[in-house]
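Protein chains in written order, with the numbering used here: chain C, 10 to 421; chain G, 334 to 487.
Here it is as structure tokens:
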């Protein structure tokens, strides 16, 4: 059913994702909700199942064979993460529950103890709620200011304004998404990080949406923290990574207290463990981390240039397709985008569009995408979002066009 | 189009979505409340005028999907002239129609004809859309409680 673009064999990739064979409402599934979560290849599903069948034990505790096996696999996963994002050392990569927990960890353990009244944290107008609310909480408590950098109608950060906000508001910390989940915009984060550092502010990248589409090199980006989730890059849910510069992480107090994060405990005081364990209190999602490691193996087995070419082509194809159906308008038309197309209809609500598309077997997201301030900026309550992966095809987008024409028919 | 979808978006729903009845701000309302669907950001305000225990007039304003708008519109018509107790019972019956729960109604409750509200029976096949169809009703109930805090369907 799929065409071969550049050197990518989409059919052989699709064959590795069992869920893509599902039938929904009598139609073959077309999964266009990849920005919410991606589907999982067999290798990821199998390694999780095999772990529980053959290797399950707690990590970093027991002397028995299974304990050693589990610990080895868990720490190997950390090294895979390290190499994937080009971190200098594995202990800079902390396993957390996901991007949201990573951001909260930095907000509570790094920013909260350091920020003072009147100082500022800078975000952009296109952030996900998970990169807004943690900073609101920190700023409110410290009587600091949460400052928002404006965006253009196309969905690009206004860089001049961003720089101005940095200077005018005594900004100590900047938290920005690398890629917007609602618009698909790829932000010029290297430039923004340089601007922030020039003013003495440190930077966290919300990397949830970038990790599945762009090569990530934390050293080259020169960010100070980078958070992402496994489940948006073909790995399991429930696990993610916070990367931070080793010196910063060493300087931070733990986020949560418990087992595994200590070196010695008396009832009077506790000496904390070294990195990364200081930040990994309690039994982690061991199988999840191992699954993430295998998702990284899977991504590395693909021809990344061919993937990028295919995804760029799908974005162009989907954009043109949406333009071809009357009544629909695309929200988010930045020049640099990942394959995400958000759109609205003048008269038909996103929920109604979502239901009718679902009837055709097409899974899209309809809603505010956890970006209510951004929806307010565009004056809409909700959009319909098509977010694509390398396993999607032109033929599927053609089916979307057909289904959107049906939407028009229902409400004509 | 599938049978379920045609059931959901039947003529009366499309009509009430396109030209909602009682769609205005009631200046002499005796009660009003705001409703909010966190899932999609839909917002509406329901106005009620009650006199001698009878719902004299119900109106609404706001934006939302076809189901929530049509449901609000049909509700404003259905509630007119009902006693407060009848209004509560009607919502109970309406809710049962949408969710299919087998909750037995109290014996002394008088069954009230759902009448035009049965146009929304198709929602039953779409559990994700039940909240759209009940938003206006939850908001109406909040207005009756003279509760001015926004209602959420969560």
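No residue lacks a Cβ here, since even glycine has one placed at the ideal position from N, Cα and C. Quantities reported herein were computed from a predicted structural model and do not represent experimental measurements.
Taking the C-alpha atoms as reference points, what is the distance between residue i and residue j?
i                      : j                      : result
residue 382 of chain G : residue 478 of chain G : 13 angstroms
residue 115 of chain C : residue 244 of chain C : 23 angstroms
residue 185 of chain C : residue 380 of chain C : 13 angstroms
residue 285 of chain C : residue 255 of chain C : 9 angstroms
residue 404 of chain C : residue 193 of chain C : 22 angstroms
residue 12 of chain C  : residue 400 of chain C : With a pLDDT of 48 at residue 12 of chain C, under the threshold of 50, the predicted position of this residue should be treated as unreliable, though the coordinate-derived value follows. Each residue's alpha carbon lies about 11 angstroms from the other.
residue 132 of chain C : residue 383 of chain C : 12 angstroms
residue 472 of chain G : residue 343 of chain G : 24 angstroms
residue 328 of chain C : residue 356 of chain C : 20 angstroms
residue 398 of chain C : residue 273 of chain C : 47 angstroms
residue 406 of chain C : residue 342 of chain C : 18 angstroms
residue 207 of chain C : residue 98 of chain C  : 26 angstroms
residue 174 of chain C : residue 139 of chain C : 21 angstroms
residue 469 of chain G : residue 401 of chain G : 7 angstroms
residue 168 of chain C : residue 143 of chain C : 24 angstroms
residue 369 of chain C : residue 412 of chain C : 7 angstroms
residue 308 of chain C : residue 446 of chain G : 59 angstroms
residue 419 of chain C : residue 457 of chain G : 19 angstroms
residue 287 of chain C : residue 181 of chain C : 25 angstroms
residue 387 of chain C : residue 361 of chain C : 20 angstroms
residue 298 of chain C : residue 106 of chain C : 10 angstroms
residue 410 of chain C : residue 377 of chain G : 31 angstroms
residue 14 of chain C  : residue 314 of chain C : The predicted position of residue 14 of chain C is uncertain, since its pLDDT is 49 and thus under 50; no value can be drawn from it.
residue 162 of chain C : residue 68 of chain C  : 49 angstroms
residue 17 of chain C  : residue 81 of chain C  : 34 angstroms
residue 335 of chain G : residue 464 of chain G : 22 angstroms
residue 49 of chain C  : residue 407 of chain G : 44 angstroms
residue 10 of chain C  : residue 87 of chain C  : In this prediction, residue 10 of chain C has a pLDDT of 41, which is less than 50 and means its spatial position is unreliable; nothing more can be read from the coordinates.
residue 75 of chain C  : residue 43 of chain C  : 35 angstroms
Can you tell me which of the options puts its alpha carbon nearest to the alpha carbon of residue i?
i                      : options                    : result
residue 238 of chain C : C/63, C/413, C/90          : C/90
residue 108 of chain C : C/141, C/347, C/269, C/332 : C/141
residue 101 of chain C : C/252, C/179, C/299        : C/252
residue 330 of chain C : C/408, C/123, C/344        : C/408
residue 339 of chain G : G/355, G/466, G/449, G/453 : G/453
residue 267 of chain C : C/294, C/289, C/373        : C/289
residue 150 of chain C : C/187, C/386, C/122        : C/122
residue 148 of chain C : C/161, C/29, C/130         : C/130
residue 319 of chain C : C/302, C/297, C/348        : C/348
residue 220 of chain C : C/190, C/417, C/340        : C/190
residue 19 of chain C  : C/333, C/365, C/323        : C/323
residue 345 of chain C : C/166, C/308, C/234, C/52  : C/166
residue 367 of chain G : G/419, G/348, G/423, G/393 : G/393
residue 124 of chain C : C/145, C/246, C/111, C/136 : C/145
residue 112 of chain C : C/378, C/212, C/78, C/162  : C/212
residue 466 of chain G : G/335, G/336, G/337, G/346 : G/346
residue 178 of chain C : C/155, C/37, C/84, C/118   : C/155
residue 261 of chain C : C/118, C/269, C/367        : C/118
residue 391 of chain C : C/352, C/36, C/277, C/366  : C/352
residue 250 of chain C : C/94, C/79, C/259, C/47    : C/94
residue 444 of chain G : G/415, G/462, G/359        : G/415
residue 489 of chain G : G/450, G/475, G/432        : Since the first residue of chain G shown is 334 and the last is 487, residue 489 of chain G is not available in this structure.
residue 46 of chain C  : C/402, C/217, C/225, C/226 : C/217
Identify the residues that DSSP records as bridge partners of residue i: which are they?
i                      : result
residue 252 of chain C : C/102, C/235
residue 158 of chain C : C/133
residue 277 of chain C : In DSSP, residue 277 of chain C forms no bridge with anything.
residue 390 of chain G : G/382
residue 212 of chain C : C/183
residue 243 of chain C : Note: residue 243 of chain C sits in no beta bridge, so no partner.
residue 333 of chain C : Residue 333 of chain C is not bridged to any residue.
residue 207 of chain C : According to DSSP, which records beta bridges pairwise, residue 207 of chain C is partnered with nothing at all.
residue 166 of chain C : C/160
residue 305 of chain G : Missing from the structure shown is residue 305 of chain G; chain G here goes from 334 to 487 and no further.
residue 338 of chain C : C/353
Any chance the CB of residue i is under 7 angstroms from a heavy atom of the ligand FAD?
i                      : result
residue 355 of chain C : This structure lacks the ligand FAD, and indeed carries no ligand of any kind.
Next on the checklist: Closer than 7 angstroms between beta carbons: that is the criterion. Which residues of the segment 443 to 474 of chain G meet it against chain C?
Outcome noted: 459, 462, 465
Item to check | Complete beta strand (DSSP E) runs within the segment 57 to 123 of chain C (minimum length 3 residues, chain order) | outcome: 102 to 105
Item to check | chain C contacts from the segment 399 to 431 of chain G (Cβ-Cβ distance under 9 angstroms) | outcome: 399, 400, 401, 402
Item to check | Cβ-based contacts, 8 angstroms cut-off: residues of the segment 353 to 371 of chain C near chain B | outcome: Checking the listed chains, one finds no chain B in this structure; the protein chains it contains are C and G.
Item to check | Ranges of the beta strand (DSSP E) found wholly within the segment 354 to 388 of chain C, counting only runs of at least 3 | outcome: 374 to 376
Checklist entry - Counting only runs that start and end within the segment 391 to 421 of chain C, where is the beta strand (DSSP E) found for 3 or more residues in a row? => result 392 to 396
Item to check | Contact list for the segment 375 to 400 of chain G against chain C, Cβ threshold 8 angstroms | outcome: 375, 376, 396, 397, 398, 399, 400
Checklist entry - Residues in the segment 375 to 393 of chain C with C-beta within 8 angstroms of chain G's C-beta atoms, listed in sequence order? => result 375, 376, 377, 381, 384, 390, 391
Next on the checklist: Closer than 9 angstroms between beta carbons: that is the criterion. Which residues of the segment 188 to 199 of chain C meet it against chain G?
Outcome noted: none
Item to check | chain C contacts from the segment 345 to 362 of chain G (Cβ-Cβ distance under 9 angstroms) | outcome: 347, 350, 351
Checklist entry - According to a CB-to-CB cut-off of less than 7 angstroms, which residues of the segment 31 to 57 of chain C neighbour chain G? => result 34
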